[in-house]
Amino acid sequence: KAGVTQTPRYLIKTRGQQVTLSCSPISGHRSVSWYQQTPGQGLQFLFEYFSETQRNKGNFPGRFSGRQFSNSRSEMNVSTLELGDSALYLCASSSVAGALMAEQYFGPGTRLTVT
Amino acid sequence: DQQVKQNSPSLSVQEGRISILNCDYTNSMFDYFLWYKKYPAEGPTFLISISSIKDKNEDGRFTVFLNKSAKHLSLHIVPSQPGDSAVYFCAAYGTQGGSEKLVFGKGTKLTVNP
Numbered sequence: 079k080a081g082v083t084q085t086p087r088y089l090i091k092t093r094g095q096q097v098t099l100s101c102s103p104i105s106g107h108r109s110v111s112w113y114q115q116t117p118g119q120g121l122q123f124l125f126e127y128f129s130e131t132q133r134n135k136g137n138f139p140g141r142f143s144g145r146q147f148s149n150s151r152s153e154m155n156v157s158t159l160e161l162g163d164s165a166l167y168l169c170a171s172s173s174v175a176g177a178l179m180a181e182q183y184f185g186p187g188t189r190l191t192v193t
Numbered sequence: 038d039q040q041v042k043q044n045s046p047s048l049s050v051q052e053g054r055i056s057i058l059n060c061d062y063t064n065s066m067f068d069y070f071l072w073y074k075k076y077p078a079e080g081p082t083f084l085i086s087i088s089s090i091k092d093k094n095e096d097g098r099f100t101v102f103l104n105k106s107a108k109h110l111s112l113h114i115v116p117s118q119p120g121d122s123a124v125y126f127c128a129a130y131g132t133q134g135g136s137e138k139l140v141f142g143k144g145t146k147l148t149v150n151p
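Keeping their order, the protein sequence lines are chains Y and S. At the far end of the first sequence sits residue 193, using this note's numbering, and the numbering has no gaps. At the far end of the second sequence sits residue 151, using this note's numbering, and the numbering has no gaps.
Rendered as structure tokens:
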């Protein structure tokens with residue numbers, strides 16, 4: 079069974095631009111969560127989707143948004159990029175709705191650099 | 038305000054010995070705890086979890102202990118193997134105001150020396 083895939087793996091953007099990251103969960107998994115990892119703040123929860131519905135949201139500004147499609151694939155969008163958005167963005171999938179307290183399977187991440 | 042703290046950024050142990058990774062939390066809303074490990078260039082991998090109704094959970098070489106009164110949990114790895122060298126994240130889950138929260142510690146880098 080293929081693992082969680084994330085595209086692209088690396089991305090360089092300029093301040094003020096927007097970016098869209100993509101995540102394909104493990105086949106059969108309907109839950110997708112997104113996380114931001116930075117050296118200063120560590121790993122922080124962004125949002126969780128299950129069957130195209132956002133179930134939970136972390137404490138991030140509205141510039142961060144996401145969605146999930148009917149095939150469970152998910153996209154995350156960050157608008158008006160700031161230097162502080164430079165981070166590793168991780169996607170995780172799970173077979174259950176209550177994914178945050180369940181075993182989640184993480185992808186390798188997308189490394190976003192904002193210049 | 039760091040709600041989940043892993044105060045040791047790094048830990049080095051000899052192969053075959055016990056590794057003990059610690060984690061403290063401040064918010065009583067947390068009632069479920071998870072440990073993940075992360076190798077370089079890979080996403081985190083789930084290791085073990087524990088509910089607040091228990092004080093110990095064991096899975097092979099990995100055991101997690103929870104001390105609710107102290108708001109402290111620890112992960113024991115016995116015996117430690119070189120392949121256990123990775124960054125270990127503690128995570129705490131709880132609900133507040135109808136919203137679910139999952140908060141991670143900043144991680145402890147474990148090095149197991151052959």
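The C-beta atom is built at its ideal place from N, Cα and C for all residues, glycine as well. The structure presented is a predicted model; accordingly, all values stated were derived computationally and were not measured.
Is there a Cβ from chain Y that is less than 8 Å from the Cβ of S/Phe-99?
-> Here residue 99 of chain S refers to the residue found at position 62 of the second sequence. Interface criterion not met: the Cβ of S/Phe-99 is under 8 Å from no Cβ in chain Y.
In its own chain, which residues sit with a C-beta less than 6 Å from the C-beta of S/Arg-54, not counting the 5 before and 5 after it?
-> Position 17 of the second sequence, counted from the first residue, corresponds to residue 54 of chain S. Result list for S/Arg-54: Ser-117, in chain order.
Cβ neighbours of Y/Gly-136 in the same chain (closer than 8 Å, five flanking residues each side left out) = Residue 136 of chain Y sits at position 58 when you count from the first residue of the first sequence. Result list for Y/Gly-136: Gln-122, Phe-123, Leu-124 and Phe-125, in chain order.
Going by other Cβ atoms of all chains shown within 10 Å of its Cβ, with 16 needed for buried, is S/Ser-106 buried or exposed?
-> Along the second sequence, one-based indexing puts residue 106 of chain S at 69. With fewer than 16 Cβ atoms within 10 Å of its Cβ, S/Ser-106 is classed as exposed.
Is the region 47-67 of chain S touching the region 132-146 of chain S in the sense that three or more CB pairs, one from each, lie closer than 8 Å?
-> yes
Anyone know if the C-beta pair for Y/Ile-90 and Y/Thr-193 falls short of 8 Å?
-> Residue 90 of chain Y sits at position 12 when you count from the first residue of the first sequence. Residue 193 of chain Y sits at position 115 when you count from the first residue of the first sequence. Result yes, Cβ atoms of Y/Ile-90 and Y/Thr-193 sit closer than 8 Å.
Using the beta-carbon of each residue, which ones in chain Y are nearer than 9 Å to S/Gly-144?
-> As a position in the second sequence, residue 144 of chain S is number 107, starting the count at 1. Simply Gly-120 and Leu-121.
Taking Y/Pro-139 as the reference, which of Y/Glu-130, Y/Leu-159, Y/Phe-147 and Y/Tyr-183 has the closest Cα?
-> What you label residue 139 of chain Y is simply residue 61 of the first sequence in a count that begins at 1. Of Y/Glu-130, Y/Leu-159, Y/Phe-147 and Y/Tyr-183, the residue nearest in Cα terms is Y/Leu-159.
Would you mind telling me which residues of chain S sit closer than 7 Å to Y/Glu-181, beta carbon to beta carbon, in chain order?
-> Counting from one through the first sequence, the residue named residue 181 of chain Y turns up at place 103. The contacting residues are Phe-83.
Can you give me the Cβ contacts of Y/Ser-157 inside the same chain, cut-off strictly under 7 Å, excluding the 5 residues immediately before and after it?
-> What you label residue 157 of chain Y is simply residue 79 of the first sequence in a count that begins at 1. Closer than 7 Å at Cβ, skipping near neighbours: Gln-96 and Arg-141.
Can you have a look at Y/Thr-92 and say buried or exposed, based on whether 16 or more other CB atoms are within 10 angstroms of its CB?
-> Here residue 92 of chain Y corresponds to residue number 14 of the first sequence, with the count starting at 1. Burial call: exposed.
Answer with yes or no whether the minimum CB distance from Y/Pro-86 to chain S is below 8 Å.
-> Taking the first residue of the first sequence as position 1, residue 86 of chain Y is located at position 8. Not closer than 8 Å to any Cβ of chain S, the Cβ of Y/Pro-86 fails to qualify, so no.
Residues in the region 119-136 of chain S with C-beta within 7 Å of chain Y's C-beta atoms, listed in sequence order?
-> Of all residues in the region 119-136 of chain S, Phe-126, Tyr-130 and Ser-136 have a Cβ within less than 7 Å of some Cβ in chain Y.
Going by DSSP, what residues sit across from Y/Gln-132 in a beta bridge?
-> Within the first sequence, the letter at position 54 stands for residue 132 of chain Y. According to DSSP, residue pairing for Y/Gln-132 in a beta bridge involves Y/Tyr-127.
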